[in-house]
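Novice: Got a structure for you, questions after.
Protein chains in written order, with the working numbering: chain A, 1 to 530; chain B, 1 to 114.
Shown next, in the form of structure tokens:
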């Protein structure tokens, strides 16, 4: 006797031979799969119990195969309307036809076997699922372990420098890494990178890249040459669809000079006395193509300057509305000097404010902060709290009606830490709304694809909002006081209040037209908490 | 966007005062419904209730100037109340306050007219 088990319709039928003590004259019947949709399936499912094949007249291949094997009786095993399997019986040993009693007995047997089989199937499926979950969990643990063992345990401690790092893996561990490499003559190599893909494969590629970078860093004095060497070595080592973005900087801790090269990674930001700058250097990610060369850039960090390296887990994080954190916001936040000097905590806190407290982290988040606390001439404690302007926020908006309201909200968010008095905040809101509305309507002439750029800057005594349009049209007119009597008498249009209102709301209003752009700068002297 | 909506509703008080209750954002979009509401009022004085207004911009000021011009042509007085400190300041800066009487609240406005 052979029992055919069928699992879900999408799966291959599984055949199990039932143990039976067979008399010498008996013959084993081979399993006959019943393909889904076979007319025999419909007949078996119709609930008629054991079925004599001789009574059937069907166009069914399965039926024909059964007859060829000498099957006389089929007993369907049905559970919850699903054909779980069937018992096939050949001729009785007595050569007598199956009696009504025989069929009743077999039918009642089938009705007891079917539910037990269904339970067994479900248990088996659940066990397989649990096993798979356990496997994924273990793989994630292995990946996390590889990654965390290879990340630096201690931060470099160098006189005149403050170096900090932050790494938080996503649940499905991505491939972020960072590293510090101590080189000759007081030079420090700083690495930040990201392997495409997740899990164990990414962790292994990350481990390979890290050791290649460590070895190449001692072979060359130029960061571009280091990246070239690692790129060539990686091409043959990693799967074709994978690559590694990486930024490598060499910091001369005596002079403050930073030389860096970039293989497709997020660009670094530097905050110095004149604001925030993005340091640009381009190059292909590592491991894609042989023979790549990498641009090198040099930037000198002075006392008080901060360089921030990031991974795309920050800039590509989303909030509940589906908006991305983005580079403008990151750049703006780098521009804010935290009161306690803790740049890492301030950036992480802002990211959490943005994504919301319960958001699941989408990707690894990595931050490396290199701060020059004093130059060799300064004493270590002379960290200068100068009244330098800091960029609180930068953003761009399309020239669509109503976007001035969005601009107001963004500016208010940017100045939220300044503690402006309510009346000042209200004046600033009106001034920003009017200025952005002018930029949308008059500057960019309501062409949605033209952007309005807004930069918010603070010094110790002022807050400044710069609004730039790209329309290239008419120059911004002089501020005039509207003649309300003429307007009320109907001699003038009732409109024309915007620019006048802006001028009344702020302490200084500057305009500038350069290369087809108009910029209006609103300056407000800060009162209240300084 | 919900913040862009505007509504003007005429409310006749039992004591004879007519109030136009403004709700939402006062900008150029408000022109039609505010002027229609004004046209629906009668009497020597109309009061504008700004207490449910969250935003007024320069195009909204132009709309209010338009209503003031209509009232002036008909020799009717206009009063306003429910303005935030900020918009009270804006009404002073733009001199709208010279052509309409600004009251602290509805009670003050109604009492002044009695």
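Don't be surprised by glycine CBs; every beta carbon is placed ideally from N, CA and C.
Can a CB atom of chain A be found closer than 8 Å to the CB of residue 6 (chain B)?
Specialist: Cβ-Cβ to chain A under 8 Å: no for residue 6 (chain B).
Novice: Beta-carbon of residue 50 (chain B) versus every beta-carbon of chain A: anything under 8 Å?
Specialist: No, its Cβ sits nowhere closer than 8 Å to a Cβ of chain A.
Novice: To which residues does DSSP link residue 164 (chain B) through a beta bridge?
Specialist: The question about residue 164 (chain B) has no answer here: the residues shown for chain B are numbered 1 through 114.
Novice: Please confirm whether residue 423 (chain A) has its beta-carbon closer than 8 Å to some beta-carbon of chain B.
Specialist: Chain B contact via Cβ: present.
Novice: Is there a C-beta anywhere in chain B that falls below 8 Å from the one on residue 440 (chain A)?
Specialist: Cβ-Cβ to chain B under 8 Å: no for residue 440 (chain A).
Novice: Looking at the structure shown, is residue 513 (chain A) part of a helix, part of a strand, or coil, going by DSSP?
Specialist: The answer is strand: DSSP assigns residue 513 (chain A) an E or B state.
Novice: Is residue 494 (chain A) near residue 69 (chain B), with beta carbons less than 8 Å apart?
Specialist: It is a contact, given that the beta carbons lie within the stated cut-off.
Novice: Spatial neighbours of residue 71 (chain A) within its chain, please: CB distance less than 8 Å, with the 5 preceding and 5 following residues excluded, ordered by chain position.
Specialist: Cβ within range, chain order: 29, 32, 53, 88, 89, 90.
Novice: Could you please give the first and the last residue of the uninterrupted alpha helix (DSSP H) stretch that includes residue 68 (chain A)?
Specialist: From DSSP, the alpha helix (DSSP H) with residue 68 (chain A) extends over 61–68.
Novice: Going by C-alpha distance, which of A:99, A:481, A:205 is nearest residue 146 (chain A)?
Specialist: Nearest of A:99, A:481, A:205 to residue 146 (chain A), Cα basis: A:205.
Novice: Which one of A:55, A:372, A:236 has the shortest CA to CA distance from residue 258 (chain A)?
Specialist: The residue with the shortest Cα to Cα distance from residue 258 (chain A) is A:372.
Novice: Below 8 Å on the Cβ atoms is my guess for residue 310 (chain A) versus residue 272 (chain A); work out the distance and round it to an integer in Å.
Specialist: 18 Å between Cβ atoms; not a contact.
Novice: Considering residue 72 (chain B), what are the terminal residues of the alpha helix (DSSP H) in which it resides?
Specialist: Start and end: 58–74.
Novice: Determine the direct distance from the alpha carbon of residue 180 (chain A) to that of residue 250 (chain A), and round the result to whole angstroms.
Specialist: The straight-line gap from Cα to Cα measures roughly 10 Å.
Novice: Mind pulling the chain A residues with CB within less than 7 Å of residue 72 (chain B)?
Specialist: The contacting residues are 488.
Novice: Can residue 114 (chain A) and residue 73 (chain A) be called in contact, C-beta distance under 8 Å?
Specialist: No, the pair does not count as a contact, with Cβ atoms beyond the cut-off.
Novice: On a CA-only basis, which of A:62, A:395, A:194, A:68 is nearest residue 570 (chain A)? Give me that one, please.
Specialist: A question about residue 570 (chain A) goes unanswered here, because the residues of chain A that appear run from 1 up to 530.
Novice: In chain order, what residues of the same chain have a beta carbon less than 6 Å from the beta carbon of residue 511 (chain A), not counting five sequence neighbours either side?
Specialist: Same-chain partners within the cutoff: 476, 520.
Novice: Assuming residue 26 (chain B) and residue 60 (chain B) form a contact by the criterion Cβ under 8 Å, report the distance between their Cβ atoms to the nearest whole angstrom.
Specialist: Confirmed, Cβ separation roughly 3 Å.
Novice: Look at the alpha carbon of residue 61 (chain A) and the alpha carbon of residue 97 (chain A), and state the distance between them as a whole number of angstroms.
Specialist: For residue 61 (chain A) and residue 97 (chain A), the distance between alpha carbons rounds to 24 Å.
Novice: Could you pull out every unbroken alpha helix (DSSP H) segment of at least 4 residues lying fully inside the stretch 410–465 of chain A, listed in chain order?
Specialist: As far as the stretch 410–465 of chain A is concerned, its whole alpha helix (DSSP H) runs of at least 4 residues are 422–438.
Novice: Could you tell me whether the Cβ of residue 381 (chain A) comes closer than 8 Å to any Cβ of chain B?
Specialist: Confidence is the limiting factor: at residue 381 (chain A) the pLDDT is only 35, short of 50, which leaves the residue's position unreliable and the question unanswerable from this model.
Novice: For residue 45 (chain B) and residue 108 (chain B), what's the separation of their Cα atoms in angstroms?
Specialist: The straight-line gap from Cα to Cα measures roughly 14 Å.
Novice: Check distances from the C-beta atoms of the stretch 75–90 of chain B to those of chain A and list, in chain order, the residues that come in under 9 Å.
Specialist: Residues 84, 85, 86, 87, 89, 90.
Novice: What is the C-beta distance between residue 438 (chain A) and residue 499 (chain A), in whole angstroms, given that I count them as a contact (C-beta under 8 Å)?
Specialist: The Cβ separation is near 7 Å, so the contact holds.
Novice: What are the partner residues of residue 52 (chain B), as DSSP defines its beta bridges?
Specialist: Paired residues: B:23.
Novice: Should residue 198 (chain A) be labelled buried (16 or more other beta-carbon atoms within 10 Å of its own) or exposed?
Specialist: Burial call: buried.
Novice: Shortest alpha-carbon distance to residue 54 (chain B) belongs to which of B:87, B:32, B:73?
Specialist: Residue B:87 is the option with its Cα nearest to residue 54 (chain B).
Novice: First and last residue of the alpha helix (DSSP H) that includes residue 108 (chain A)?
Specialist: It spans 100–150 - the alpha helix (DSSP H) in which residue 108 (chain A) sits, taken as one unbroken run.
Novice: Residues of the stretch 493–508 of chain A with a CB closer than 9 Å to any CB of chain B: list them in chain order, please.
Specialist: Going along the stretch 493–508 of chain A in chain order, one finds 493, 494, 495, 496, 497, 498, 499, 500, 501, 502, 504, 505 with a Cβ nearer than 9 Å to chain B.
Novice: Are there three or more Cβ pairs, one per stretch, closer than 8 Å when the stretch 277–292 of chain A is compared with the stretch 238–245 of chain A?
Specialist: Touching, yes, given that three or more Cβ pairs across the two stretches are closer than 8 Å.
Novice: Please report the distance separating the alpha-carbon of residue 91 (chain B) from that of residue 263 (chain A).
Specialist: Approximately 57 Å between the Cα atoms of the pair.
Novice: So, residue 467 (chain A) versus residue 395 (chain A), is the Cβ gap smaller than 8 Å?
Specialist: Cβ atoms of residue 467 (chain A) and residue 395 (chain A): not closer than 8 Å.
Novice: I want to verify the contact list: residues of chain B whose CB lies under 9 Å from the CB of residue 433 (chain A), in sequence order.
Specialist: Within 9 Å Cβ-Cβ: 55, 57, 58.
Novice: So, for residue 334 (chain A): in the same chain, excluding its five sequence neighbours on each side, which residues have a beta-carbon less than 7 Å away from its beta-carbon?
Specialist: So the qualifying residues of the chain are 269, 271, 276, 308.
Novice: Alpha helix (DSSP H) containing residue 155 (chain B): first to last residue?
Specialist: Residue numbering for chain B in the displayed model covers 1 to 114; residue 155 (chain B) lies beyond these limits and cannot be assessed.
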